[in-house]
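Numbering (UniProt numbering), first residue to last: 1 to 224.
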């Protein structure tokens, strides 16, 4: 359908999700990764576990996507050693099961921006060749926080690193549209992502690739 990058993950990090052991995560992830890599499409591995990340990078994954924001020094070291870019995502605590209990902010944009800047600088100093910034929509954030981050996304883009946004099918879209079934939140997801691009996003993490590609093609033709 035209995706430029595939993001593979084998552990759910939705709010309240139960953790998966490293062994189980590798059992789920690695065979799929081995099957996809020969296709020649760049592959991102979505994991917060160093032992899983190392196996995936050894096989040839091109990008490390750590939802805990590279808090673990071993993740930083792996990205540096394998020479791959890494996604720095904001989550208030490095535990998906507990993150919603920490959805409390003074100025959510300022706090998220400060975290992303500090983690990006640390990763670059450690030898990671490039970082991408993800505000972490829905990760330890309520609707009001997600809207504030989206409205002021240009402040995060001003840090000078590519911004990745993932709002596809998320609860925020359901809350705004009244659509309860995640798989039916396509139109709201596209609208949110087009606004994110307008505000400086350069990478969109989506489920419905064709819908986004077509919308972006028209949007680009109109806006240039």
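By construction, the Cβ of each residue, glycine as well, lies at the ideal position given by its N, Cα and C atoms.
Item checked: Sequence-distant residues of its chain with Cβ nearer than 7 Å to residue 39 (five each side left out) -> none
Next item on the list: Express the C-alpha separation of residue 52 and residue 24 in angstroms, rounding to a whole number.
Entry: 10 Å
Next item on the list: Grab me the residues of residue 16's own chain with a C-beta within less than 8 Å of its C-beta, minus the 5 sequence neighbours each way, in chain order.
Entry: 96, 97 and 100
Next item on the list: Mark residue 181 as exposed unless 16 or more other C-beta atoms lie within 10 angstroms of its C-beta, in which case mark it buried.
Entry: exposed
Notebook entry, point to check: Since residue 112 is in the alpha helix (DSSP H), which residue starts that stretch and which ends it?
Noted result: 108 to 125
Next item on the list: Quick one: using the 10 Å Cβ neighbour count with 16 as the cut-off for buried, is residue 134 buried or exposed?
Entry: buried
Margin query: If the criterion is Cβ atoms closer than 8 Å, does the pair residue 29 and residue 3 meet it?
Written below: no
Next item on the list: Assign residue 179 to one of three DSSP states: helix, strand, or coil.
Entry: coil
Margin query: Taking the straight line between their C-alpha atoms, what separation do you get for residue 198 and residue 27?
Written below: 39 Å
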